[in-house]
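Colleague: Protein sequences appear in the order of chains U and Y. If you read the first sequence in numbering that gives the first Met the number 0, its first letter stands for residue 0, the second for the next number, and so on. If you read the second sequence in numbering that gives the first Met the number 0, its first letter stands for residue 0, the second for the next number, and so on. Every residue, glycine too, gets a C-beta built ideally from N, C-alpha and C. Mind having a look at this structure? Questions to follow.
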Amino acid sequence: MLTKFETKSARVKGLSFHPKRPWILTSLHSGVIQLWDYRMCALLDKFDEHDGPVRGICFHSQQPLFVSGGDDYKIKVWNYKLRRCQFTLSGHMDYIRTTVFHHEYPWILSASDDQTIRIWNWQSRACVSVLTGHNHYVMCAQFHPSEDLIVSASLDQTVRVWDISGLRKKNVAPGPGGLDDHLRNPGATDLFGQADAIVRHVLEGHDRGVNWAAFHPTLPLVISGADDRQIKLWRMSESKAWEVDTCRGHYNNVSCVLFHPKQELILSNSEDKSIRVWDLTKRTCLNTFRREHDRFWVMAAHPTLGLFAAGHDSGMVIFKLERERPAYSLHGNLLFYVKERTLRRLDLTTSKDTGLLQLRGNARTPIHSISYNPAEQAVLVVTRAANLENSIYELYSVPVDADCPQDGGDGKRSTGVTAIWVARNRFAVLDRNHTIVIKNEKNEVSKKIQTPPCDEIFYAGTGCVLLRDTEGLTLFDIQQKRSAGQVKMTKCRHVVWSADMSHVALLGKHVLTIANRRLEVLCTIQENARLKSATWEDSGVLIYTTSHHIKYSLINGDHGIIRTLDLPVYLTRVKGKAIYCLDRDARPRMFQVDPTEYCFKLALVNRKYDEVLHMVRHAKLVGQSIIAYLQQKGYPEVALHFVKDEKTRLALALQCGNIEAALEAAKALDDKYCWEKLGEAALLQGNHQVVEMCYQRTKNFNKLAFLYLITGNLDKLRKMMKIAEIRKDTSGQYQSALLLGDMQERVKVLRNCGQTSLAFLTAATHGLDEEAEQLQQQLEAAGQPVPKANPSAVFLQPPPPIAQAESNWPLLTVSKGFFDGAMAARTIASGSAVVAEEDAGEPDGWGDDADLGLEDEDKPAGSAGDVGSGDEEGGWEVGDEDLELPSDLSVAAHGGEDEDRGYYVPPTRGQPPMQGWATHSQLVADHASAGSYESAFRLLNDQIGVVNFAPFKPLFTAAFAKSRTMFAGLPNLPSLSAYPQRNWREVAASSKVHGLPALGVRLADLAQRLQICYQLTTAGKFNEAVERFRILLLNVPLLVVDNKEEVRKAQELISICREYIVGLSMEAARKDLPKESLEDQKRSCEMAAYFTHSELQPIHQILTLRTALNLSFKLKNFRTAASFARRLLELGPKPEVAQQTRKILQACDKGANDEVQLHYDEHNPFNLCAKTYTPIYRGKPEEKCPLCSSVYQPSLKGTLCQVCTVAEIGKDCIGLRISTSQFR
Amino acid sequence: MPEQQGETDELFDVKTQFYIGNYQSAINEAQKLKLNNTLQKLERDVFVYRSYIALKKYGVVINEIHGASPQELQPLKQLAEYLSQPNKRESIVLKLDQQISGNIDVNNHVFLLVAATIYYNESNYETALKVLHQSAHLECRALMLQAQLKMDRVDLAKKELKSMQEIDDDAILTQLASAWVNLSMGGEKLQEAYYTFQELADKNTPTALLLNGQAACCIGQSKYEEAESALQDALEKDSNNTDTLVNLIVLSQLSGKTPEVCNRYLSQLIDTAPEHPFAVEFQAKEKYFDSLAKQYVVTA
């Protein structure tokens, strides 16, 4: 039993769940009805109008109504929205025991001690039927949830089932004799029709009064509980009803009994202070929950949520029978979870949900948790029993690719409270004695660990666990056997690590603690509702759920609500706006949420102001709350930029000490108070210019004068004196004079304000004899005594300022904040950035008028295969055999006697895998990779007649360089090598397969490089293109391909390269020709003509034809030119080109003759000698290059091929071998 | 370590950092330790000096270890001298030959390790094994295992690994050694090796050493993209790590990059470490190629 909520009150006699909202009504023996929110754990309302105990209570399922019935014989219908009783139904003549609404009709059913059951219509507010028959108190009456039946229980020891179809027909059924008729003459009694309610069954069997009876929601079953301490199960048919079985166990009166709404269970409670759970099919008691002092009186079940409430002597308890948290484990984007005892995998990226494994066990023992191990594809499934000591875990291996759930019968089962993976092949088990055992992937004990006492363990990354004891959590390193951190926290329930393991969220019942890797607490959040689950967003925000909210928290503890929830969900993953979770039925769900708020706060904390700014501009965030937030969290400088209200701006600016901004705001406001505030702030910063302005604006002359004094601004001070004089501020004027050391002025002031004697003294003391004399006369004239000046008086001249403070006090330079810049930029119209496109420049290799357009050509080669299937004979083993050494030699002799040492024979060296590559392959590429150049040379020579190897050098060295990877072993030693092999899977599968080196360049790569060559050709860079084509050509013999099809493609590639190399070389040679003589021009034209016969891409062919056309036209060889023109037009050139060509063709057709005799016959097929660039007409003798099949005049046999530059012309060879399939 | 089993090993972090190639951290960790036990202090010093040697700061070791220093530290000076002065290597090896022909203190594992390291560097794996085979010290076993791998005797290395696992299955050396063996065995074992490296990186920090191990596994399994990211990380941590460069050379070719990319890494490697075995062998192969090419007659 999991207690969700408890209340304390007077004895609870009635209970009713609201079907939709998290509310429950309790009616008390004291006469009060309470309305509770059990999720918020709060009392919502109290209704106190009944006189004496209230026993009947029921929510209406749709209307904001509930009904109550009390010992005051009254049935009251209440509106909880209006918070008052709507009306009272009177008629019963004794205590009312139960009152319930009908789920459909406007009826209330009441059972009373007056031995009657009554049905009331709450719309007409009248009693529609009185059911008599019981001859003692009726303790309980219930409607059937779907049929026209009532069940009642009475102290007369019977349970009665009533048929009320007559009443329904009369009241609510349409048609004659139905509702309409009845409403037309409501007073008429239906004398001959069906009775309103008839007793269908009387169930006798209890020996004492029956307290409660209830229908099964779907089956024809009735359950009853009585003072004979028994619970009886009854089955009924249309015609009869009989007792099925009796549940014995309670040892006092059974107060209430009901069926579980979803499961095959019976729940009962009793005055023996216990609640019992029974198996409906076996009628055995499954569980007993006892209370210390309180007798139980009533019980209610929530229709859908699996919640139950039980009322007892001093309150009420809401509970559920089992955990509803689905067991799940997240690995990357894969969610593993258990639904209906099937382990399922949900790919969160593709939403593909696969059932993987059928888990053993029955539904009675729900799975508590799972722990998934991606490396071993294994899962630990923990099943907790009611008695923790009987908990077990099972270890299953997860099928990698299962389409339907497989039977996981092979799981290894052991006892243990918790089991979690702690390393790739280790897991920790908390056993029933609360010690930790480390086991390996075969479920064998690897070691036992002494730890501080703990009652639960949690995952904490590789090699660590979190131990929970009563006071808190300890991070424990299993290998070092020491604790690496501790945090105080009572009863942590769940632990959620961030993906990078840098932070952890510890979820208690109501307390959320965020800590770092070393368990140093970063923040603690107190929640009112229960914490349910949490998950880390990728940027480091914790998203968590309580029972009714999805919330977020930054690691600094800044938290807030994202959205509300109707039902608890268990978060699995957060990606951007999508929150993935499982609900209580283990259904994966996804919410779309607006992450702006926490993204904003996170950006602030991380000082990513560009993001902040972006959000401010685009997300409509800014409101008073966000400004208040910024201000409160110490970002006044940020807030400053979002505020337009000058008053707030001033306050913010002052807070962050931005005098300039404050000054602007103050100018705009021009309010005395603002200036004063600004003055204070500016004074603190030593910004006396602003201070001066403030004092001026506030007309604070005294302060202003003093400011001038201390800044040494005597001119201004003198002005102040003048102003004071004008303002008749004598004391101000005098003070200024004093500060200035202006004696005459002082005398003047004193005299003017009638202080003649003082004036005299001043004058006398400072030696102003003239004034003194005048004043003395005045005094004497006025008959006043003439004071005597102190002869030793000295003139205190204020020291003259060394320099006038012009500038403000220096402040530390602060680089302009991001916002200053960004906000400033906002005002400036955004300049249009023009990206200057590079002028590609005209390619100059082709004829002057040759416009070039590059189009995509078809790639002539397909993708090369990746793994060859080396099936050759002969063997070298990877190293399993022990060579000729005795088997015991590898075991080092211990002991250390000198004699022993002499016997140690170090093992002979083995054969590196590279050596085997050459032995087991006949392909050049493999020999080159193995570094076996000699054999590779021989192969090349035999296969394709290579005699000049120099061009192959970079390819060979590269092939060799890729043959092994390196990894460091112990320090200060040369690294070890590993040898990547292309057929590593086959080698692993069978020891008969020999490893072959991994492949470097593939056919597809070459095909790609061919495109570059084409581009170079198009751009007219002939020499470079020839080089590239040649490298490409040379790469082919070092390829390894899978099948004959690819061999064909490779050969095709060779011929493409050949055609281009020959053609482009010839074109280059043609350009180098002198052009003066006719002979030269003729030769040039011939070569251009030959070039048109190279098999090039159409785009290039067009160019060759245009060149040839132009040249022959210039030579006035109109007939040949016309043929070129026709060929050109056939290729479909661009419209401009086509137009021009047509013009030329027109001109040619007029001439239709050849001026010069060319050594060129387009109609006679020929091959072109790649060296002499002369045509060899078909049938004439020729020699070919064994590699590239370039054609040569017979005289060139035995020389080096000009095209591939490596092979000997005319050598007799077996041909290119690049696939093992060629050897079969 | 076997002798500390059952109690907390104060030097655990130092050792871990040292073996995963995080030498500066090892030194820092060692300096943080407050040890009372003189034996432990000595052991700490051994690791500190070895870390300095691994960082190629030979001067520190040569200057700080003097005649009065404990017996266990003396071999380290020898090693530092060997590594720092290529011209004196011959004489050092000669001296070492004499030392091992006499009575060796089997319990002075530092000496054994140093001697074996020098022989290993001389590619004299047989003698290295001879020196080591009597010791039960875990690192000596690991070094033996490595030498066996270097001799392409995976079969022996597997046996050695088994005996190491019997001594201490969870020790970092055992884990590393299992990864080396798995890497050398190839096939399905590559993934296991990968996980071992990954686990060590998770538990501590990803070092160039661990990342290269992972990359080697990935390359072996044709997972070139993963290898690429591991190697880029490694390159960021230590741009001069020769293993990283070698692996990048391999990777750039296997993943079909243009020859220029590969050549860049190659010249970087030859620039940074002309004496690196890979560079030496590479250049030897080039010469070999040239000499072979001359044997074929070319008629122009």
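Measuring alpha carbon to alpha carbon, tell me which residue in U:593, U:624, U:583 and U:628 is nearest residue 604 (chain U).
Modeller: Mapped onto the first sequence, residue 604 (chain U) falls at position 605. Looking at the Cα atoms, U:628 is the closest of the given residues.
Colleague: If the cut is a Cβ gap below 9 Å, which residues of chain U does residue 110 (chain Y) touch?
Modeller: As a first step, residue 110 (chain Y) must be located in the second sequence, where it is residue number 111. Neighbours of residue 110 (chain Y) in chain U, taken as residues whose beta carbon is under 9 Å from its own, are absent, since the nearest beta carbon is some 14 Å off.
Colleague: Taking C-beta to C-beta, are residue 555 (chain U) and residue 598 (chain U) nearer than 8 Å?
Modeller: As a first step, residue 555 (chain U) is located in the first sequence; it is residue number 556 there, counting from the start. As a first step, residue 598 (chain U) is located in the first sequence; it is residue number 599 there, counting from the start. No. Outside cutoff.
Colleague: At a Cβ cut of 7 Å, what residues of the stretch 351–383 of chain U count as close to chain Y, listed as they run along the chain?
Modeller: 374
Colleague: Let's test the definition: count the other Cβ atoms within 10 Å of the Cβ of residue 1022 (chain U) and tell me whether it reaches 16, buried, or not, exposed.
Modeller: Your numbering for residue 1022 (chain U) matches position 1023 in the first sequence. So residue 1022 (chain U) counts as exposed.
Colleague: Does the CB of residue 116 (chain Y) have a neighbour CB from chain U at under 8 Å?
Modeller: The residue labelled residue 116 (chain Y) in the question sits at position 117 within the second sequence. So, interface residue.
Colleague: Name, going along the chain, the residues of the stretch 222–254 of chain Y whose beta-carbon falls closer than 7 Å to a beta-carbon of chain U.
Modeller: 242, 245, 246, 248, 249, 252 and 253
Colleague: Can you find a C-beta in chain Y that's less than 8 Å from the C-beta of residue 443 (chain U)?
Modeller: Mapped onto the first sequence, residue 443 (chain U) falls at position 444. No - not a single Cβ of chain Y is within 8 Å of the one on residue 443 (chain U).
Colleague: Nearest-angstrom Cα distance between residue 213 (chain U) and residue 258 (chain U)?
Modeller: The residue labelled residue 213 (chain U) in the question sits at position 214 within the first sequence. The residue labelled residue 258 (chain U) in the question sits at position 259 within the first sequence. Whole-angstrom Cα-Cα distance: 8 Å.
Colleague: Write down the C-beta distance between residue 107 (chain U) and residue 115 (chain U) rounded to the nearest angstrom, noting that I regard them as a contact closer than 8 Å.
Modeller: For the purposes of this step, residue 107 (chain U) is taken as the residue at position 108 of the first sequence. For the purposes of this step, residue 115 (chain U) is taken as the residue at position 116 of the first sequence. About 14 Å; that fails the 8 Å criterion.
Colleague: According to a CB-to-CB cut-off of less than 9 Å, which residues of the stretch 453–472 of chain U neighbour chain Y?
Modeller: 460, 461, 462 and 463
Colleague: Here's the rule: buried if 16 or more other CB atoms are within 10 angstroms of the residue's CB, otherwise exposed. What is residue 1165 (chain U)?
Modeller: As a working mapping, residue 1165 (chain U) is identified with position 1166 in the first sequence. Buried, because 16 or more other Cβ atoms sit within 10 Å of the Cβ of residue 1165 (chain U).
Colleague: Taking Cβ to Cβ, would you say residue 553 (chain U) is nearer than 8 Å to residue 543 (chain U)?
Modeller: By 1-based counting over the first sequence, the position of residue 553 (chain U) is 554. By 1-based counting over the first sequence, the position of residue 543 (chain U) is 544. For residue 553 (chain U) and residue 543 (chain U), no; Cβs fall outside 8 Å.
Colleague: Spell out whether any CB of chain Y is found under 8 Å from the CB atom of residue 440 (chain U).
Modeller: Here residue 440 (chain U) is taken as the residue at index 441 of the first sequence, counted from 1. Residue 440 (chain U) is outside the set of residues whose beta carbon lies under 8 Å from a beta carbon in chain Y.
Colleague: According to a CB-to-CB cut-off of less than 7 Å, which residues of the stretch 964–981 of chain U neighbour chain Y?
Modeller: 964, 965, 966, 967, 968, 969, 970, 971, 972, 973, 974, 975, 977, 979 and 980
Colleague: Straight-line CA distance for residue 178 (chain Y) to residue 955 (chain U)?
Modeller: Counting from one through the second sequence, the residue named residue 178 (chain Y) turns up at place 179. Counting from one through the first sequence, the residue named residue 955 (chain U) turns up at place 956. Rounded to the nearest angstrom, the two C-alpha atoms are 31 Å apart.
Colleague: Between residue 1025 (chain U) and residue 1217 (chain U), which are expected to be in contact by the criterion C-beta below 8 Å, what is the C-beta distance as a whole number of angstroms?
Modeller: For the purposes of this step, residue 1025 (chain U) is taken as residue 1026 along the first sequence, with counting starting at 1. For the purposes of this step, residue 1217 (chain U) is taken as residue 1218 along the first sequence, with counting starting at 1. In fact, because the Cβ distance is near 23 Å, the residues do not count as touching under 8 Å.
Colleague: Quick check on residue 852 (chain U) - is its C-beta less than 8 Å from some C-beta in chain Y?
Modeller: Here residue 852 (chain U) corresponds to residue number 853 of the first sequence, with the count starting at 1. A caution first: residue 852 (chain U) carries a pLDDT of 38, below 50, which makes its placement in the model too unreliable to give a value.
Colleague: For residue 89 (chain U) and residue 44 (chain U), what's the separation of their Cα atoms in angstroms?
Modeller: Residue numbering aside, residue 89 (chain U) sits at position 90 when the first sequence is read from its first letter. Residue numbering aside, residue 44 (chain U) sits at position 45 when the first sequence is read from its first letter. Spanning the two alpha carbons is a distance of roughly 25 Å.
Colleague: Answer with buried or exposed for residue 1073 (chain U), where buried requires no fewer than 16 other C-beta atoms within 10 angstroms of its C-beta.
Modeller: As a working note, residue 1073 (chain U) is residue 1074 in the first sequence. Flag for residue 1073 (chain U) reads exposed.
Colleague: Can you tell me whether residue 133 (chain Y) is buried or exposed, with buried defined as 16 or more other CB within 10 angstroms of its CB?
Modeller: Counting from one through the second sequence, the residue named residue 133 (chain Y) turns up at place 134. Residue 133 (chain Y) is buried by the Cβ-count criterion.
Colleague: Anything in the stretch 24–45 of chain Y with a Cβ closer than 7 Å to a Cβ of chain U? List those residues in chain order, please.
Modeller: Within the stretch 24–45 of chain Y, no residue has a Cβ that lies closer than 7 Å to any Cβ of chain U.
Colleague: Measure from the alpha carbon of residue 119 (chain U) to the alpha carbon of each residue in U:38, U:82, U:74 and U:78, then state which is nearest.
Modeller: Sequence index remark: in the first sequence, residue 119 (chain U) carries index 120 (1-based). Here the closest residue by C-alpha is U:74.
Colleague: Thinking just about the alpha-carbon of each residue, which of U:382, U:736, U:152 and U:371 is nearest to the one in residue 225 (chain U)?
Modeller: As a first step, residue 225 (chain U) must be located in the first sequence, where it is residue number 226. Of the listed residues, the one whose Cα sits closest to residue 225 (chain U) is U:152.
Colleague: Below 7 Å CB to CB, which residues in the same chain sit around residue 765 (chain U) once its five sequence neighbours on both sides are set aside?
Modeller: As a position in the first sequence, residue 765 (chain U) is number 766, starting the count at 1. Cβ within range, chain order: 742 and 794.
Colleague: Give me the Cα-Cα distance between residue 116 (chain Y) and residue 971 (chain U), rounded to the nearest whole angstrom.
Modeller: Here residue 116 (chain Y) corresponds to residue number 117 of the second sequence, with the count starting at 1. Here residue 971 (chain U) corresponds to residue number 972 of the first sequence, with the count starting at 1. Each residue's alpha carbon lies about 7 Å from the other.
Colleague: For residue 372 (chain U), count the other beta carbons within 10 Å of its own beta carbon; 16 or more makes it buried, fewer makes it exposed. Which is it?
Modeller: For this step, residue 372 (chain U) is matched to residue 373 along the first sequence. Residue 372 (chain U) comes out buried.
Colleague: If I'm right that residue 370 (chain U) touches residue 419 (chain U) with Cβ under 8 Å, what's the distance once you round it to whole angstroms?
Modeller: The residue labelled residue 370 (chain U) in the question sits at position 371 within the first sequence. The residue labelled residue 419 (chain U) in the question sits at position 420 within the first sequence. Taking a contact as a CB-CB distance under 8 Å, the pair residue 370 (chain U) and residue 419 (chain U) counts as one, their CB atoms being some 5 Å apart.
Colleague: Interface residues of chain U around residue 183 (chain Y) at Cβ under 8 Å?
Modeller: Within the second sequence, residue 183 (chain Y) is the residue found at index 184, counting from 1. 975 and 977, listed in chain order.
Colleague: State the DSSP-derived secondary structure class of residue 315 (chain U), mapped to helix, strand or coil.
Modeller: For the purposes of this step, residue 315 (chain U) is taken as the residue at position 316 of the first sequence. Residue 315 (chain U): strand per DSSP, three-state reduction.
Colleague: Per DSSP, which residues does residue 360 (chain U) bridge with? Please list them.
Modeller: The residue labelled residue 360 (chain U) in the question sits at position 361 within the first sequence. According to DSSP, residue 360 (chain U) bridges with nothing at all.
Colleague: Spatial neighbours of residue 879 (chain U) within its chain, please: CB distance less than 8 Å, with the 5 preceding and 5 following residues excluded, ordered by chain position.
Modeller: Position 880 of the first sequence holds residue 879 (chain U). Annotation note: pLDDT 43 at residue 879 (chain U) (below 50); position unreliable, no value reported.
Colleague: Any chance the stretch 1112–1123 of chain U sits against the stretch 1069–1086 of chain U, with 3 or more Cβ pairs inside 8 Å?
Modeller: yes
Colleague: How far does the beta strand (DSSP E) with residue 35 (chain U) in it extend, from its first residue to its last?
Modeller: As a first step, residue 35 (chain U) must be located in the first sequence, where it is residue number 36. Counting along the chain, the beta strand (DSSP E) containing residue 35 (chain U) begins and ends at 32–36.
Colleague: Can you pull the chain Y residues whose beta carbon is under 9 Å from the beta carbon of residue 909 (chain U), in chain order?
Modeller: For this step, residue 909 (chain U) is matched to residue 910 along the first sequence. By Cβ distance, chain Y contributes 147, 150, 151, 152, 153, 154 and 155.
Colleague: If we define contact as Cβ-Cβ less than 8 Å, is residue 187 (chain Y) a contact residue for chain U?
Modeller: Position 188 of the second sequence, counting from 1, holds the residue named residue 187 (chain Y). Yes, because at least one Cβ of chain U sits closer than 8 Å to the Cβ of residue 187 (chain Y).
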